[in-house]
Amino acid sequence: MAVITYRDALNQALREEMQRDDRVFLMGEEVAVYQGAYKVSKGLLQEFGEMRVVDTPITELGFAGVGVGAAMVGLRPVIEFMTWNFGVLALDQVLNSAAKMLYMSGGQYPMPLVFRGPNGAALQLSGQHSQSFESWLAHMPGVKVVTPGTPHDAKGLLKSAIRDDNPVLFLEGEMLYNTKGEVPEEEYVIPIGKADLKREGDHCSIVTNGKMALVAMQAADQLAKQDIRVDVVDLRTVRPMDIDAIKTSVAKTNRAVVLEEGWELAGIGAQVVDYIQRECFDDLDAPVVRVHQADVPMPYAKNLERLAKPDAAKTIAAVKKVMYIE
Amino acid sequence: MATKIFMEALSPTMEEGRLVKWLKNEGDAVKSGDVLAEVETDKAVMELVARGDGVLRKRLVNEGESRPVGQLVGVIAAKDENIDALVAEAGGTGTASGGDAAKAPEKVVAQTQETAGTSSVPRTPQQSQGESSTPPQEKSPGAQPLPSAAPAAVGTGGNGGRAKSSPLARRIASERGLDISSLQGSGPGGRIIKRDIEAAATTGATGAAPPRSDRGARAGREQPFEDIPLTQIRKTIARRLAESIGPIPTFYLTAELDLTRVVEMRAAMLELGDEFKVSINDVLLKAVATALQQHPEVNAHWLGDRIRVHNRVHLGMAVATDDGLIVPVIFDADQKRMSEISAEARQLARLARERKLKPEQYTGSTFSVSNLGMMQIAQFTAIINPPEVGILAIGAAEDVPVLKDGELQSRKRVHVTMSCDHRAVDGAVGARFLQTLRRLVENPLMLVY
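Each protein sequence line maps, in turn, to chains A and B.
Read in order, the letters of the first sequence are residues 747 to 1072 in the numbering used here.
Read in order, the letters of the second sequence are residues 2 to 450 in the numbering used here.
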């Protein structure tokens, strides 16, 4: 298998799907001439031309609406937000048009549309540009929300997202674009809604998604040195959520830590804990513990930002807590 | 290292104790286990023993004074050890009579309780419905006081007497037939978790409920009891009847038993010598014990979510004392000969009147008997002693006219009335028990079979 970056994995997925289906097109700020703010769309303008790789003005609500309209008339748009922090400007089109079109048109208008872009905090981008939106977005019926954490998952899931007839909100990560991982040479897709057991252990389950899958793996590595073996359940998709994968793991380990990038209240972790208490009540040997961002706007100061973010140390402490260690 | 002497919980329901008499003087050398003082509990006069070696340096309570459980009442230390701080602390926590029990640094359960009896009958308040109003007894093996504000971090203490346990621990315990309430939890706040269950299962250290067995082939006496989960109909009966009458929906079954042959037997035995003298009550106790062995469904405890059917018969016998009613227990009564029952019943009644009964002698009964025959009460109903499910009230043996083959005869007869907890015992079940009892009493030779 080739080892490539998350960025290149997304680029391959876009290229392959655009080659496979000429209804697929990419639209957003700086996606064409500039080759993408994060170079995800590198080379696509040259290969597919300006009808299928379209630069837009700085008008998120406007071009999101164009995407919805294009999907209604049979195209398969991929709309890039430079970051999901800007995507909130388009929320009306996402929430009120894309998510509801099929339902409110009585099934007349399918919505084969992907909104994609980086999500969550990078480094020192401060409060307005460091936000994790998966729980906001997953709140809506009518969409799917995908949060791949590795190059392999990013490619396989983006291809599935483009082929899906429903609006898919695809959450990447600025800090993920340069990460590398093995990606198969041959074509593959990963089904939406399917979690991945990234590591196996019988002492505790860490249920996580997106960028935090990497944090969970770091924590697992350090815990292994202390003979604590954890399951890392990477949900990959947060809507629909793979409840069976959570159940299977917690039934085995009897303990769970839920790790997410965003804030605590009404977060993805809150939903995971609800599934666990409902489905795994008799399997639990300890209360479930959550790890998440501090309940503050992301600080700009480097030291405070580090304290606010969920990390491996906090995850390790949580694992030990649910294992009644220390 | 000084050893603190606390007012210990010497009975399951004791909240304070009166120091009747010091048996050691200040300056006396004492060894662990030595009796330091006599303490009057709510039930009896008990011994307070030393928990460490040294010299009894300080007595902090005068004879005749009361102290709440957990209060410092004395100090054992080396001869020249400085105990000023300890004594000062006792002053701080209130040496005044009747100090605040809630502020007691520690509640210690006497050793006698933990080893009490051979019975498996529940002793902790949360197990015994009869003691549901008593505060939990917290036990701590060490002598280090817990901070007064901290909830007890052990076992079944804290949290209003509910044993905290993880759902997984409860599931595994249930699958393995372990009695979770007998375990100490090692999790936060004393929570019983999986590893505690597994440790108990490996060491066999817990009050293991036997696996369900066929009632027809009931296991031997090595299995002290069997827990029968409640069926739906049982649950419905329990709920509906409790709605109708009190928390224990009681009904009463009265039978008149003919004592002609008992009287004949007593006379014949007396002819053999005074050592063979038994009372009618002794015969009835033996008959009840034997009948209980044949009807384990009334030799049972109602535990709320299940019925605990006891394989051993521990017969409680109500004794009136000047202080009130107490029910000492004849353990394994069904296994004892009539002479043993007779001697034990007399002994227990004497101890009860002298207030010398130890807790293990008045806890753990599986069924009780109350006899007011000596007070010329013809018949009466007794109140069930929960969690037992039945009690037998025995009236006076009286000569009554009986029509036999068309002729009037004089017969000695006794009325017995069984109070039954309808949640556990249906009318027919109680009646069958009384049928057996009648057969045994009216044919007392069967008691020697």
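We treat Cβ as the ideally placed atom computed from N, Cα and C, and that holds for glycine.
It should be emphasised that the depicted structure is a prediction, and the values quoted were computed from it without experimental measurement.
At a cut-off of 8 Å between beta-carbon atoms, A1063/A makes no contact with chain B. Selection L316/B, A319/B and P297/B evaluated against V310/B yields P297/B as nearest (Cα-Cα). Taking the Cα of E1007/A as reference, the smallest distance to any Cα among Q854/A, I974/A, V979/A and A959/A is reached at A959/A.
A398/B has V415/B as its beta-bridge partners, per DSSP. Looking at the backbone, the Cα of V892/A and that of N955/A are separated by about 9 Å.
If you check each beta-carbon in the stretch 1018-1032 of chain A against every beta-carbon of chain B, the ones closer than 8 Å belong to F1027, D1028, D1029, L1030, D1031 and A1032.
When the Cα atoms are used, P445/B and A288/B turn out to be separated by approximately 8 Å.
Under the 8 Å criterion on CB atoms, S366/B is classed as non-interfacial with respect to chain A. When rounded, the separation of the alpha-carbon atoms in I384/B and S420/B is 7 Å. Taking the CA atoms as reference points, R414/B sits about 15 Å from L435/B.
Just so you know, the alpha carbons of F381/B and A256/B end up roughly 11 Å apart.
Around the beta-carbon of R267/B, 16 or more other beta-carbon atoms lie within 10 Å, marking it buried. With the rule of 3 Cβ pairs closer than 8 Å, the stretch 186-202 of chain B counts as touching the stretch 165-177 of chain B.
By the criterion of a C-beta distance shorter than 6 Å, V56/B is surrounded in its chain by A30 and K80, once the five residues flanking it on both sides are discounted. By the criterion of at least three beta-carbon pairs nearer than 8 Å, the stretch 308-323 of chain B is in contact with the stretch 355-374 of chain B.
With a contact defined as Cβ atoms closer than 8 Å, F368/B and E389/B qualify at about 6 Å. Note on the stretch 906-981 of chain A: whole beta strand (DSSP E) runs with a minimum of 3 residues are 914-918, 926-929, 942-945, 950-954 and 976-980, in chain order.
At a beta-carbon threshold of 7 Å, none of the residues of chain A lie near I181/B; the nearest stands roughly 13 Å away. Interface residue (Cβ-Cβ distance to chain B less than 8 Å): Y1070/A is classified as such. The Cβ neighbour count for M850/A, taken over all protein chains shown within 10 Å, is under 16; the residue is labelled exposed. Contacts with chain A at 8 Å (Cβ-Cβ) do not include K165/B.
Across the set V976/A, V1018/A, E920/A and C950/A, the C-alpha of E920/A shows the shortest separation from the C-alpha of L871/A. DSSP, reduced to helix, strand and coil, places I249/B outside both helices and strands of the structure shown, so it counts as coil. The C-beta separation of V777/A from S787/A comes to about 5 Å, placing the pair in contact by the 8 Å criterion.
In chain order, E880, A884, V891, T893, N955 and I1014 place their CB closer than 7 Å to the CB of V984/A, counting only its own chain and leaving out the 5 sequence neighbours on each side. Identification of chain B residues near N1000/A by a Cβ-Cβ cut-off of 7 Å yields L169 and K195, ordered along the chain. In the three-state DSSP reduction, V1042/A falls in the coil class, being neither helix nor strand. Within chain A, the residues placing a beta-carbon under 8 Å from that of P189/B are Y1070, ordered along the chain. For the beta strand (DSSP E) assignment, the uninterrupted runs of no fewer than 3 residues enclosed by the stretch 315-374 of chain B are, from N- to C-terminal side, 316-318, 320-322, 325-327 and 368-372. Going by DSSP, A38/B is part of the beta strand (DSSP E) stretching over V36 to E41. Here V1065/A really is in contact with V1003/A; their C-beta atoms are around 5 Å apart, less than 8 Å. It is roughly 13 Å from the alpha-carbon of R58/B to the alpha-carbon of W23/B. For K359/B, the closest alpha carbon among the candidates P387/B, N26/B and V46/B is that of V46/B. From the beta-carbon of R172/B, the residues of chain A found nearer than 7 Å are D1028.
Residue pairing from DSSP places L404/B in a beta bridge opposite L409/B. Within the model, the alpha-carbon separation for L841/A versus M886/A is close to 7 Å.
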